[in-house]
Amino acid sequence: MKLRLLVCAAVLILFTVPALADSVPITFTNSGILSGTLPSGVVSTASDLAFYGVVIESGPFATVTFDLGAFTGSLKNGGSFTGGSFLLDSNGPVLFTTAFSGTWSKIGQGLYELVGGFSTTSQGIRYVGLVTQSFQVTFTNGRICLVDLNGSTKINAATVPEPGSLVLVGIGLASLAAPLRRKVLAAARRG
């Protein structure tokens, strides 16, 4: 009986390995301000695309656009935002777009940091990312002037297991638990 249970467990483990997926770390940097304003959307040049830490596209490869959405707090002293958007495009075709939210913090004299996170699923792939941007900002006559921008984006992409794979895992676990349940019930009746 124990050998049969062990063989079933080994087979179950072998069949569930394809259902589990490793995530692929994707990173890129951005710098400069091509256009836009902070509340309505800033466009910056994305460069140095890397997978697993290896740069596969050095130099500019796309533009990244982000806006803050609904902002609470003050741009001068910091706050948080929700319902913002993050868009990566390559001269026309949109490579990636999602909603994101996060915080805006003052980190020094005229220096601010935006940290935003996002999570979305597209075409069976789950994307979870973190956007970190450093701005140099001046406030002149009640106007916000963005002087400089540098940042990085880290995205983990993982395939979402198919529902059929998850059902098979559930059936396998239930079949392994059934003999154990019978043993526990039999011991309870005897005891």
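Oh and the sequence shown: position 133 is 113 in our numbering, straight run, nothing missing.
Here a beta-carbon is modelled for each residue, glycine too, at the ideal position from N, C-alpha and C.
On the three-pair Cβ rule with 8 angstroms, is the region 153 to 165 touching the region 41 to 50? no
Can you tell me which of Val149, Asn71, Ala79 puts its alpha carbon nearest to the alpha carbon of Thr25? Asn71
Counterpart residues of Ser132 in DSSP-defined beta bridges: Thr9, Thr112
Nearest by alpha-carbon distance to Lys56: which of Leu129, Ile124, Arg106 is it? Ile124
Report the option in Asp28, Tyr32, Val23 whose CA atom is closest to the CA atom of Asp2. Tyr32
Could you give the DSSP three-state label for Ser155: helix, strand or coil? helix
Under the DSSP definition of a beta bridge, which residues are partnered with Tyr32? Tyr32 is not bridged to any residue.
Beta carbon of Phe66 nearer than 8 angstroms to that of Thr78: yes
Going by CA-CA distance only, name the one from Asn136, Leu75, Leu126, Tyr92 that's closest to Ser99. Asn136
For Phe51 and Gly104, the rounded distance between their alpha carbons: 31 angstroms
Whole-Å CB distance - Gly109 paired with Lys134, under 8 angstroms assumed: 6 angstroms
Cα-Cα separation between Thr101 and Gln113, rounded to whole angstroms: 23 angstroms
Which residue wins for smallest C-alpha separation from Thr139, given the options Ser38, Tyr107, Phe119? Tyr107
How big is the Cα-Cα spacing for Asp128 and Gly150? 52 angstroms
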